[in-house]
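Visitor: Below are the structure tokens for one structure; questions will follow.
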Amino acid sequence: MLNREAVEREEEALRAELAALPDAARAAAYRDAERRIRDPDTYATLNWLFITGLHHFYLGRWVWGAIDLGGFCAGVVLIVLGLWPLGLGLIVLISVLELWALVRSQVIVQDFNNRVLRGALERARTPDRGL
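Okay, so the sequence shown: first residue is 9 according to this note's numbering, each after it adds one.
Shown next, in the form of structure tokens:
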């Protein structure tokens, strides 16, 4: 489970490492990261409005997104087939699990963005790989 303080410390360390880069490398790293950085509010909105896994797709977590979407669709199909207690139970289960992601959306996206910054920093330090 993500620890908010550890994620915040990591972000501070990454920003310090980026600040220590030469100007051109720092600018290139920030340009590289800018394309991949995600907004916590968008993640939370996608989670709140749709329990179909769109917030996972937003972060590139395709497997989790497919599991959420598949579970939701299965729940709807079960309801349509007359197995509404089972279908409703599945949808409620997905909703409860995703409520946790909604509550933790800030730290989840902050951790994701830290990984993006780490990758941009590593690419900036390796000139032969380029950006």
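For glycine and all other residues, C-beta sits at the position ideal for the given N, C-alpha and C.
Nearest-angstrom Cα distance between residue 91 and residue 80?
Guide: 14 Å
Visitor: When the Cα atoms are used, what is the spatial distance from residue 93 to residue 105?
Guide: Residue 93 and residue 105: Cα-Cα distance of roughly 18 Å.
Visitor: By how many angstroms is the C-alpha of residue 42 removed from the C-alpha of residue 16?
Guide: 19 Å
Visitor: Can you give the Cα-Cα distance for residue 139 and residue 75, rounded to whole angstroms?
Guide: Reliability of the predicted coordinates at residue 139 is poor, the pLDDT of 47 falling under 50, and no value is obtained from them.
Visitor: Any contact of the segment 114-128 with the segment 25-45, i.e. 3+ C-beta pairs under 8 Å?
Guide: They touch, by the three-pair rule.
Visitor: Give me the Cα-Cα distance between residue 28 and residue 70, rounded to the nearest whole angstrom.
Guide: 34 Å
Visitor: Using a 10 Å radius around the Cβ and a threshold of 16 neighbouring Cβ atoms, would you call residue 14 buried or exposed?
Guide: The residue is exposed, with fewer than 16 neighbouring Cβ atoms inside 10 Å.
Visitor: Find the nearest neighbour of residue 77 within the set 60, 87, 98, 65, judged by alpha-carbon distance.
Guide: 60
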